[in-house]
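Per my numbering, numbering of the sequence shown is gapless, rising by one per residue and ending at 125.
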Amino acid sequence: MKKLISLCFLLFPIIGFSQNFNWEAALQKPDKTGFYRITLNPKITTHLNKQITDIRITDSQNAEVPYLFQKEAPTYYSQLFHEYEVIEKEYKKAVAHLLPFTIKRETK
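In structure tokens form, the structure reads like this:
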């Protein structure tokens, strides 16, 4: 009997932490079957947890639909390296190397 009571006390918190979804968004109905790409904009992501594990997609009968989550890499690219022409190399003892150079600016 003590084991049964202990088991009930262990399972009660698990039941108490069931999932409650407080926000939902409608999706457009896809034109054809197969994979469907859904972009998560900030209006949606502000309601998600940090791991993005609380997304549920349901069909018209409220049955959950399986989905794949793919995070895309950013497409922004910037080159920060500028090449300079070295005019002369000057070496001094116990001093860092001095490399005078000129900056060529491209005109647009």
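Quick reminder that beta carbons are idealized off the backbone N, C-alpha and C, glycines included.
Remember, it's a predicted structure, so these values are computed and weren't measured experimentally.
Inter-residue spacing [alpha-carbon to alpha-carbon] between residue i and residue j
i, j, result
"Thr70", "Tyr101", "49 Å"
"Trp40", "Lys20", "39 Å"
"His99", "His64", "42 Å"
"Leu44", "Thr92", "25 Å"
"Ile74", "Ala90", "24 Å"
"Tyr108", "Lys88", "51 Å"
"Tyr84", "Tyr94", "30 Å"
"Leu57", "Asn66", "13 Å"
"Ala80", "Leu97", "50 Å"
"Pro126", "Asp48", "This structure cannot speak to residue 126, because the chain is shown only from 18 to 125."
"Gln68", "Val103", "50 Å"
Continuous alpha helix (DSSP H) stretch holding residue i: start and end
i, result
"Lys60", "59 to 62"
Selection from the options that minimises the alpha carbon distance to residue i
i, options, result
"Thr50", "Ala90, Val103, Tyr93, Val82", "Val82"
"Phe13", "Val103, Tyr53, Glu107, Ala42", "Shown here, the chain extends from 18 to 125; a query on residue 13 therefore has no answer."
"Thr62", "Gln96, Glu105, Ala42, Val103", "Ala42"
"Phe38", "Lys46, Val103, Ile72, Lys106", "Ile72"
"Lys46", "Glu105, Ser77, Pro59, Lys106", "Ser77"
According to DSSP, residues forming a beta bridge with residue i
i, result
"Thr75", "Glu81"
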